[in-house]
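Peer 1: Sequence order for the protein chains is A, B and C. If you number the first sequence the way numbering that gives the first Met the number 0 does, the last residue is 275 and the count never jumps. If you number the second sequence the way numbering that gives the first Met the number 0 does, the last residue is 309 and the count never jumps. If you number the third sequence the way numbering that gives the first Met the number 0 does, the last residue is 321 and the count never jumps. Ideal Cβ positions, reconstructed from N, Cα and C, are used throughout, including at glycine.
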Amino acid sequence: MSMMNSFTELMQDRKDSAPPKGSKALPVKFQTADLSFFYGDHQALVDVDLSIPERSVTALIGPSGCGKSTFLRTLNRMNDIIEGARLTGKVTLEGRDIYEPDVDVVVLRKRVGMVFQKSTPFPKSIFDNVAYGPRIAGTKNKAELKRIVEESLKRAALWDEIKDRLHDSALALSGGQQQRLCIARALATNPDVILMDEPASALDPASTSRIEDLIFELKENYTIVIVTHNMQQAARISDWTAFFYQGKLIEVDRTQQLFTKPKKKETEDYITGRFG
Amino acid sequence: MNASETDFSRHLARRHRLGRIFGGICLVSTWFGIIALGLLLAGVVWKAAGWLNWSFLTSYDSRFPEKAGILAAMWGSFWLIVFTILITVPVGVGAAIYLEEFATEGRLTRLIQVNLANLAGVPSIVYGILGLTLFVRTLGLGRSVIAGALTLSLLVLPVVIVSAQEALKAVPASLRHASLALGATQWQTVRHQVLPASIPGILTGVILAVSRAIGETAPLVMIGALTYLAFTPGDIESPLHLVTRADGLGKVPLDSYTALPIQIFNWVSLPQTEYQHVAAAGILVLLVILLVLNGAAIFIRQRSQKHSRW
Amino acid sequence: MAESIHPPPSLTKRFTVSRLKERLIRLVLLVCALLSIATTLGIIYVLFTEAVYSFGDDPAFFQEVSLSQFLLDTEWTPQYEGDRHFGIWPLLGGTLLVAGLAGLVGLPVGLLSALYLSEYASWRVRGLLKPVLEILAGVPTVVYGYFALVFVTPYVLRPVFRDWLGFDVDIFNALSAGVVVGIMILPMVSSLSEDALRAVPKTLREAGYALGSTKFDVSTRIVLPAASSGIVASFLLAVSRAMGETMAVTIAAGQSPTLTLNPFKSVMTMTAYIVNISQGDTPTGSIEYESLYAVALTLFLITLAMNVISQRVLRRFREVYQ
């Protein structure tokens, strides 16, 4: 019960103590229906029905192996590259099933960006890292690229720190800076959705806090889905939280509700630390 | 009790002695190869002493051993290698890229891999027969540099492909994932991320293939590399001529040629004992070239290991 | 940027130049990969049409010479106008003799080296000795032939076997070629056998030591048997390589096709015969010339069989330990 109390305190400390935008529901960005996912014979997701509202932060929580990362990767079809992976059910982006055969996966991934757990800057300069996405999409104009790079780095709250060394190697940056670089890189393709798979788990608390602040700012303009094993983090920054367990979606609710008055027993057990 | 204990300790002493003798035999065996190598090098150097000089490097072959040189053979080998590289690198790296980045785990892929392993074990003279029938006769290329290069390319292609595959495999998957997640196509990912990162490994593989190709004699004998030649392909006799006799460059591919190992083979086969010295000088040149090549490969590998920062 | 006025790009696949380029590139790469298969098919085709069944005017070898003649006759004299024999045995015997001698030299020495490097040598010693052995593998075969003819026969074989022991040693003999080919395949045996030995898990060795075994016991009674199929695979590959060797035997073993077990005599291997014919004035299309292909086909089939068996053995070995 003391866990619940600490969450209640967290809720009161939340930055946006104002009620969520609009009392009516936000339009749905992603919607999954009866989504099941298989790695070969192993079933990783079981009949998941989840709506992701736009311009908000949805957190996916659950113990290791519950399928939350797998779910995240179905949203930008990154699971396609795994041999033996297949899925049944529907995943729709603004009403369009993204697994239809005539969907261009390349365009999908430009619209749905991803930041990985371990930052993976390319062994190139900071500028070339951020410019990579626009370049391969066809943007060749140097002035345009410079503008995009600057804007992306500003939005990722990294510009001021590195604006004088844009052409230095990206590998020379610190861990937290590299992760913000990866966020800038994802922003450069002008996505509407940003997927984050435990983006701060490899970082120290100060960098983590900066990333969390960043996510807060970004949700003004982007739909964000974040996988995290850190419940406090989910409580701090997300608007909606979905709890996964053994491949099933157990409960999804406004963060405030889920953490203080969970409806399912498994959710309560997880939140209060009785397992996982 | 006592008797068996002394039995055991006597037996043990013998076991230990046996073990030491065995260890010694193994050590000797290991050194056997190294000593053989040393004797070989010493012998070659001894025979070549006094015969390896500047005029040797700049003269043509001759009926007189004292005047014989490897100019034609050096240039022939040079052009062979240049064309072999031009052929095997795109094809070999392309095949490796397909196998590592694009192919699915299907029967075709496995067939190709098994096939590559088998090709590596085919005697080099069989490649010569293939080259003779296909390039010299059917395609009518005759005893030309390009026919030789094509034949050598077929021979060393498996080496290039396998090395390139290893180099591509060494690039971490996270790099590919990051690129794909940004909306890059597979080819864009390969071209902009994977390939640049694997260049040192590919380069090492190419050098390995070149080392192999330079020393190959049997296939070239089959397709008719001439043994007694008093001219170089395209009449280019010195590095300066690459510029001054540039019109000869166009003639090079279809010109006749000889190669270092062919020339050595010829000299070894001649009855006069003086030619043994000439052959030794040629062997020394060949070995030095190989040494430089392999040194370069080691250098590249070490430098890339120092620089790889992921 | 998300508030830009342009609507997000449509998800539908569209026929664009870049998509076409992507498919084209994929096709080109596939062709490159298929080229290796084309090479194998080319080899098979050439050997088949010249040796077994010809689609053209000139008859293939086996259309004029019967298989039983080829396999049972013990003389090989395709050039004797009046009395032509096409028995493969002199050539096959030459190849087998040289390869056998090479095996006698290279296999045990290679295996013992592998044992030393894997079980006895320290990390640093291994790092020094292994590259040196690799150099042996990189020496061109003409150099080995030279070494055999100019050094091994006059300075080793003749003094020992002729002057001291009284045997008759030809200038060109199978033993000199066998010895150098053995040295040539030594690094291959050593490296592959070492891989097999190292694949044996440490736990097996530790169990042996815990039972009070000496290093000799562990190496010979535990590790060696456990790695045996990997070692056998390496032996097969090395002997196959020895059989396919051309230049060293052409230079050192001789040019006279005689069926003999005497290592001091001059013999002719299959590979040396092929070189011999191609360098001579034999008219193409004639039966003597076609005999080249028959010999090549035999060599190809034998080495292919050994390689395939070796790979199968190796695969089974890997399944156990990996």
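1) Does Gly120 of chain B get closer than 8 Å to chain C when you measure Cβ to Cβ?
2) Report the rounded CA-to-CA distance for Val27 of chain A versus Lys89 of chain A, giving the unit in angstroms.
3) In chain B, which residues lie with their C-beta within 7 Å of the C-beta of Met187 of chain C?
4) May I ask which residues mark the beginning and end of the alpha helix (DSSP H) holding His240 of chain B?
5) Hey, would you say Pro183 of chain C sits closer than 8 Å to Leu235 of chain C, going by beta carbons?
6) Helix, strand or coil: how does DSSP classify Asp64 of chain A here?
7) Less than 6 Å between C-beta atoms, sequence neighbours within five positions excluded: which residues of the same chain meet that for Arg179 of chain A?
8) Between Val148 of chain A and chain C, is the shortest Cβ-Cβ distance under 8 Å, so that the two count as touching?
9) Considering only the alpha carbon of each residue, which of A:Leu194, A:Leu217, A:Gly246 lies closest to Phe37 of chain A?
10) At least one CB of chain C closer than 8 Å to the CB of Lys305 of chain B: is that the case?
11) Whole-angstrom Cβ separation of Leu98 of chain B and Ala32 of chain C, contact assumed at under 8 Å?
12) For the stretch 97–123 of chain B, which residues have a beta carbon sitting closer than 7 Å to at least one beta carbon of chain A?
13) DSSP on Arg311 of chain C, reduced to helix/strand/coil?
14) Does Arg315 of chain B come out as helix, strand or coil in the three-state DSSP assignment?
15) Check the Cβ of Gln192 of chain B against every Cβ in chain A and list those closer than 8 Å, keeping chain order.
16) Check distances from the C-beta atoms of the stretch 40–52 of chain B to those of chain C and list, in chain order, the residues that come in under 8 Å.
17) With Gln245 of chain A as the anchor, note down where its beta strand (DSSP E) starts and where it stops.
18) Hey, does Lys139 of chain A have any beta-carbon neighbour from chain C nearer than 8 Å?
19) Please list, in chain order, all residues of the same chain as Ser237 of chain B whose beta carbon is under 6 Å from its beta carbon, the five residues on each side excluded.
20) Which full runs of the alpha helix (DSSP H) of 4+ residues lie inside the stretch 125–192 of chain B, going along the chain?
21) Alpha carbons only, please: which of C:Gly284, C:Ala295, C:Thr140 is nearest the one belonging to Thr270 of chain C?
22) Could you give the first and the last residue of the continuous beta strand (DSSP E) run that contains Leu194 of chain A?
23) May I ask you to report which of helix, strand or coil DSSP gives Pro153 of chain C?
24) Can you check DSSP and say which residues form a bridge with Phe230 of chain B?
25) Quick one: does Pro7 of chain C have its CB under 8 Å from some CB of chain A?
26) Between which two residues does the beta strand (DSSP E) harbouring Val325 of chain C extend?
27) Using 8 Å for Cβ pairs, my map puts Val248 of chain C next to Val151 of chain C. What's the rounded Cβ distance?
28) How should Gly177 of chain C be labelled, buried or exposed, when 16 other C-beta atoms within 10 angstroms of its C-beta is the threshold for buried?
29) Within 8 Å (strictly less), CB to CB, does Tyr131 of chain A reach chain B?
30) Just to confirm, are Ile210 of chain A and Ala169 of chain A a CB contact at a threshold of 8 Å?
31) Give, in chain order, every unbroken run of the alpha helix (DSSP H) that is at least 4 residues long and sits entirely within the stretch 244–269 of chain C.
32) Excluding the 5 residues preceding and the 5 following Leu148 of chain C in the sequence, name in chain order all residues of the same chain whose CB lies nearer than 6 Å to its CB.
33) 8 Å is my cut-off, CB to CB: does Val106 of chain A come that close to chain C?
34) When the distance is taken between beta carbons, is Gly92 of chain C closer than 8 Å to Asn293 of chain B?
35) Quick one: is the Cβ of Ser55 of chain A within less than 7 Å of any heavy atom of the ligand ZN?
36) At least one CB of chain A closer than 8 Å to the CB of Thr11 of chain C: is that the case?
Peer 2: Result, derived from the coordinates:
1) Taking the second sequence and counting its residues from 1, the one referred to as residue 120 of chain B is at position 121. Yes, Gly120 of chain B counts as interfacial toward chain C.
2) The residue labelled residue 27 of chain A in the question sits at position 28 within the first sequence. The residue labelled residue 89 of chain A in the question sits at position 90 within the first sequence. The alpha-carbon atoms of Val27 of chain A and Lys89 of chain A are separated by roughly 15 Å.
3) To locate residue 187 of chain C, count along the third sequence from 1; it is residue 188. Within 7 Å Cβ-Cβ: nothing; Met187 of chain C doesn't reach chain B, min ~11 Å.
4) Here residue 240 of chain B corresponds to residue number 241 of the second sequence, with the count starting at 1. Residues 240–243.
5) Counted from its first residue, the third sequence places residue 183 of chain C at position 184. Counted from its first residue, the third sequence places residue 235 of chain C at position 236. Note on identity: in this sequence residue 183 of chain C is Met, with Pro being the wrong assignment. Contact flag unset, no.
6) Taking the first residue of the first sequence as position 1, residue 64 of chain A is located at position 65. Residue identity check: residue 64 of chain A is Gly in the sequence provided, not Asp. Here Gly64 of chain A sits in coil by DSSP.
7) As a first step, residue 179 of chain A must be located in the first sequence, where it is residue number 180. If we look at Arg179 of chain A and ignore the five residues flanking it on each side, its Cβ neighbours are Ala155, Leu157.
8) If you number the first sequence from 1, residue 148 of chain A lands on position 149. No, because no Cβ of chain C sits closer than 8 Å to the Cβ of Val148 of chain A.
9) Within the first sequence, residue 37 of chain A is the residue found at index 38, counting from 1. Out of A:Leu194, A:Leu217, A:Gly246, A:Gly246 has the C-alpha closest to the C-alpha of Phe37 of chain A.
10) To locate residue 305 of chain B, count along the second sequence from 1; it is residue 306. Answer no: the Cβ-Cβ gap between Lys305 of chain B and chain C never drops below 8 Å.
11) In the second sequence, residue 98 of chain B corresponds to position 99, counting from 1. In the third sequence, residue 32 of chain C corresponds to position 33, counting from 1. Yes, Leu98 of chain B and Ala32 of chain C are in contact; Cβ-Cβ is about 6 Å, under 8 Å.
12) Glu104
13) Here residue 311 of chain C corresponds to residue number 312 of the third sequence, with the count starting at 1. Looking at Arg311 of chain C - three-state DSSP - the assignment turns out to be helix.
14) In the structure displayed, chain B extends from 0 to 309; residue 315 of chain B sits before or after that span and is not available.
15) In the second sequence, residue 192 of chain B corresponds to position 193, counting from 1. Neighbours of Gln192 of chain B on chain A, chain order: Phe121.
16) Gly42, Val43, Lys46
17) Walking along the first sequence from the start, residue 245 of chain A turns up at place 246. It is not in any beta strand (DSSP E) - Gln245 of chain A carries neither H nor E in the DSSP assignment.
18) Translated into positions along the first sequence, residue 139 of chain A becomes position 140. Answer no: the Cβ-Cβ gap between Lys139 of chain A and chain C never drops below 8 Å.
19) Along the second sequence, read from residue 1 onward, the residue named residue 237 of chain B stands at position 238. Here the set comprises nothing.
20) 144–168, 172–180, 185–188
21) As a first step, residue 270 of chain C is located in the third sequence; it is residue number 271 there, counting from the start. The shortest C-alpha separation from Thr270 of chain C is found at C:Ala295.
22) On the first sequence, residue 194 of chain A is found 195 positions in, with the first residue counted as 1. 192–196 is the extent of the beta strand (DSSP E) around Leu194 of chain A.
23) Counted from its first residue, the third sequence places residue 153 of chain C at position 154. Three-state result, Pro153 of chain C: helix.
24) Position 231 of the second sequence holds residue 230 of chain B. For Phe230 of chain B, which the question treats as bridged, DSSP gives no partner whatsoever.
25) Here the question's residue 7 of chain C lines up with position 8 in the third sequence. Answer yes: the Cβ-Cβ gap between Pro7 of chain C and chain A drops below 8 Å somewhere.
26) Past the edges of chain C, shown from 0 to 321, lies residue 325 of chain C, and the structure says nothing about it.
27) Position 249 of the third sequence, counted from the start, is the residue given in the question as residue 248 of chain C. Position 152 of the third sequence, counted from the start, is the residue given in the question as residue 151 of chain C. Going by Cβ atoms, the distance from Val248 of chain C to Val151 of chain C rounds to 13 Å, so no, they are not a contact pair.
28) On the third sequence, residue 177 of chain C is found 178 positions in, with the first residue counted as 1. So Gly177 of chain C counts as buried.
29) Position 132 of the first sequence, counting from 1, holds the residue named residue 131 of chain A. True, the Cβ-Cβ gap to chain B drops below 8 Å.
30) For this step, residue 210 of chain A is matched to residue 211 along the first sequence. For this step, residue 169 of chain A is matched to residue 170 along the first sequence. Going by C-beta atoms, Ile210 of chain A is not nearer than 8 Å to Ala169 of chain A.
31) 246–251
32) Position 149 of the third sequence holds residue 148 of chain C. Closer than 6 Å at the Cβ level, and outside the excluded window around Leu148 of chain C, lie Ile250, Ala251.
33) Along the first sequence, one-based indexing puts residue 106 of chain A at 107. Chain C, which has a Cβ nearer than 8 Å to the Cβ of Val106 of chain A, makes this yes.
34) The residue you call residue 293 of chain B lines up with position 294 of the second sequence. The residue you call residue 92 of chain C lines up with position 93 of the third sequence. Taking 8 Å as the Cβ cut-off, Asn293 of chain B and Gly92 of chain C do not qualify as a contacting pair.
35) The model depicted lacks the ligand ZN and carries no ligand whatsoever.
36) Within the third sequence, the letter at position 12 stands for residue 11 of chain C. Yes - at least one Cβ of chain A is within 8 Å of the one on Thr11 of chain C.
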